[in-house]
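Following: one structure in structure tokens, then a few remarks.
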Amino acid sequence: MGSVNIPGDLLQNCVTGRKYYGVFPSCFYTRSPVVWGLVVGTFGIGAIIGAVLSNPIIDKRGYKFTMTWFALLNVGGALLLSLATKIPQFIIGRLLVGVAAGAANNALAVYVSDISTPRGRNILSGTLQFATNFGIMVDNACALGLTRPPRWRVLMSLTGVLGLINFVLFPFAPESPKWLIKHDRRDEAHAALTRLRKGANIEHEFNDIIESDQLNRQRTTDVNVMQVLRGQTPDNLRHQLMCVSALMFFQQLCGINAVIFYSTQIINKSTKANPANMPTLAQILAFLISVAALVFTFFGMLLAAFIGRRILLIFSHLTMAIFASMLVLGSVKNLTGLVVVMVFLFNAFFNLGVGPIPWAAASEMTPMYAMTAMSAVGTGIGYLFTFGIGVFFPAANNWWKNYTFFFFMGFNLGAALFVYLFVPETKDRRIEDTVRLHSCGIHFVVGKKWRLSAVEEKADLAGQMADDDLLDATDSMA
2 MGSVNIPGDL LQNCVTGRKY YGVFPSCFYT RSPVVWGLVV GTFGIGAIIG AVLSNPIIDK
62 RGYKFTMTWF ALLNVGGALL LSLATKIPQF IIGRLLVGVA AGAANNALAV YVSDISTPRG
122 RNILSGTLQF ATNFGIMVDN ACALGLTRPP RWRVLMSLTG VLGLINFVLF PFAPESPKWL
182 IKHDRRDEAH AALTRLRKGA NIEHEFNDII ESDQLNRQRT TDVNVMQVLR GQTPDNLRHQ
242 LMCVSALMFF QQLCGINAVI FYSTQIINKS TKANPANMPT LAQILAFLIS VAALVFTFFG
302 MLLAAFIGRR ILLIFSHLTM AIFASMLVLG SVKNLTGLVV VMVFLFNAFF NLGVGPIPWA
362 AASEMTPMYA MTAMSAVGTG IGYLFTFGIG VFFPAANNWW KNYTFFFFMG FNLGAALFVY
422 LFVPETKDRR IEDTVRLHSC GIHFVVGKKW RLSAVEEKAD LAGQMADDDL LDATDSMA
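Quick note on numbering: the sequence shown equals residues 2 to 479 in the numbering used here.
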């Protein structure tokens, strides 16, 4: 909630005219695309702050505590957004909502990995992107009826309602068993794992978590973000750091935020519709695009479980490069239908792979002691470039006109090559095994054979047994 995509023309350009409802203006008129870009991009700066701040809090207080209390920032942000009379107030509101989002994304990405079995993680790793797209879809649906002034203020307040719901409900969720064991709370960890694997035999998995924790304790304590960046970790995590950083970099530079933040303006420009006649065709199409994004995210979660991450990432980036080039063609030739279809496909194929997979990279390639720090690095990089795209895309679009998406086409081609050369496959693999295989400095993964030692095979068998026990329990319950 609180997205400025659909109400963007109204808020920035006052397309319905500038009016006052008491002390509250109907819009914030600004001629500068950089100023409006700052309004949009400040969310990313807030998310960076949230990701960095949440890292030590997660390590000390846990995932439940972090996601519960940071949710309250949504309430403060919603109050500023819905009651703003000046652009600076609106910007601060976006900043607070961004802090809450950054903390939640950092915590949730690792939390989902922690509570999943290796096989279950194949699908559940896409949960974060699926939830994000569900939120965008609901926000766009609400925006269709709440865009006109002063109703857009109600739209902005809804993010506070969701924050309160999270604050009330998340304390009832189970804490990560791995985090509990790391903090010597084994009884609570056993209870949490029993709750998560309801009806399944958890002893193999529980003992495996304890053994992994004991091994980590012998080698190190938790590391922070700066230690990860400086390479001051017991395992050589430079390759993982490069992969996590690059995947999040390419996720943002692929051009998706230009579509998410500005699809309404892009389509309005092509259709030449009057933006004051709301809801416009562009706004309706933005909602339909968000519905398709949710559907494609679900299919992407299933495909990642069957064909793996590498192939899906490469396919996703290559198709986005094609659609970006066709979007340029449609814009140059003034082919409205082609522009609309390419925006639709660009967003949809992003959500097949490029959307969900990078968020899970840190939690699937990094040892437990560095997981939250690595996730914070990835989240920070992602939102840094979210800010950059949000701020500079309007100006870049003014400079390069219809050729802007050639820029994103090049980044998608570079991303596909990077994934092919460097990103390891993590499908069906335990985190500990991935760490052992790839903690050897930066290297090519093309043609690298996957082998397990006898000890690793035993540990892998324990993970498979946990999956099988869970499936058996599910079948018996059905």
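Note that the Cβ used here is the ideal one computed from N, Cα and C, for glycine as well. Model, not experiment: these values are computed from the prediction.
What three-state label does DSSP hand residue i in the structure shown?
i: N225; result: coil
i: N107; result: helix
i: E458; result: Model confidence at E458 stands at a pLDDT of 43, short of 50, so the residue's coordinates are unreliable and nothing is read from them.
i: A474; result: In this predicted model, A474 has a pLDDT of only 42, less than 50, meaning its place in the structure is not dependable; the value taken from the coordinates is given anyway. Helix, per DSSP.
i: P8; result: coil
i: C441; result: strand
i: L453; result: Because the pLDDT of L453 is 43, which lies under 50, any placement of that residue in the model is unreliable, and the question is left without a value.
i: N335; result: coil
i: N237; result: strand
i: P359; result: helix
i: P26; result: strand
i: C255; result: coil
i: G415; result: helix
i: P57; result: helix
i: Q13; result: helix
i: D185; result: coil
i: K270; result: helix
i: E365; result: helix
i: E212; result: helix
i: S177; result: coil
i: M243; result: helix
i: M327; result: helix
i: M466; result: Low per-residue confidence applies at M466: pLDDT is 48, beneath 50, and the placement is therefore not dependable, though the value from the model is reported in the following sentence. Reduced to three states, the DSSP call for M466 is helix.
i: A85; result: coil
Taking the alpha helix (DSSP H) that residue i belongs to, which residues open and close that run?
i: K20; result: It is not in any alpha helix (DSSP H) - K20 carries neither H nor E in the DSSP assignment.
i: T67; result: Y64 to F71
i: N202; result: First-last for N202: undefined, no H or E at that position.
i: V139; result: T128 to L147
i: S158; result: W153 to L170
i: G389; result: M369 to W401
i: S291; result: L282 to I308
i: N123; result: P119 to L125
What is the rounded straight-line gap between the Cα of residue i and the Cα of residue j?
i: G51; j: K334; result: 43 Å
i: I166; j: A174; result: 13 Å
i: R62; j: A349; result: 37 Å
i: L39; j: R122; result: 36 Å
i: F419; j: Y21; result: 52 Å
i: H240; j: A377; result: 16 Å
i: S114; j: G127; result: 10 Å
i: M1; j: L314; result: Absent from the model: residue 1. The displayed extent of the chain is 2 to 479, so no value can be given.
i: I160; j: G146; result: A small correction: the amino acid at residue 160 is Thr; Ile does not occupy that position in the sequence shown. So the two alpha carbons sit approximately 16 Å from each other.
i: M227; j: L286; result: 43 Å
i: L170; j: L109; result: 15 Å
i: A192; j: L11; result: 51 Å
i: G309; j: P26; result: 51 Å
i: V392; j: F262; result: 10 Å
i: A371; j: T118; result: 19 Å
i: E176; j: I323; result: 43 Å
i: T337; j: F423; result: 38 Å
i: E433; j: I137; result: 35 Å
i: N403; j: V36; result: 21 Å
i: A72; j: L385; result: 21 Å
If residue i sits next to residue j, beta carbons under 8 Å apart, how far is it from one beta carbon to the other, in whole angstroms?
i: G99; j: A48; result: 4 Å
i: P357; j: T298; result: 6 Å
i: A490; j: I390; result: Beyond the ends of the chain as shown, which are 2 and 479, falls residue 490; an answer cannot be given.
i: E206; j: L194; result: 7 Å
i: N106; j: L129; result: 7 Å
i: H318; j: C244; result: Actually they do not touch by this definition, with Cβ atoms about 14 Å apart.
Does the Cβ of residue i have 16 or more other Cβ atoms within 10 Å, making it buried, or fewer, making it exposed?
i: E1; result: Any answer about residue 1 is impossible in this case: the structure gives the chain only from 2 up to 479.
i: G42; result: buried
i: M369; result: buried
i: G448; result: exposed
i: I46; result: buried
i: Q252; result: buried
i: T380; result: buried
i: G18; result: exposed
i: L238; result: buried
i: L303; result: exposed
i: F250; result: buried
i: P178; result: buried
i: A300; result: It should be noted that the sequence gives Phe, not Ala, for residue 300. So F300 counts as exposed.
i: N56; result: buried
i: V340; result: buried
i: V24; result: exposed
i: Q219; result: exposed
i: R452; result: Reliability fails at R452, whose pLDDT of 48 lies under 50, so the model's placement of it is uncertain and no value is given.
i: C441; result: exposed
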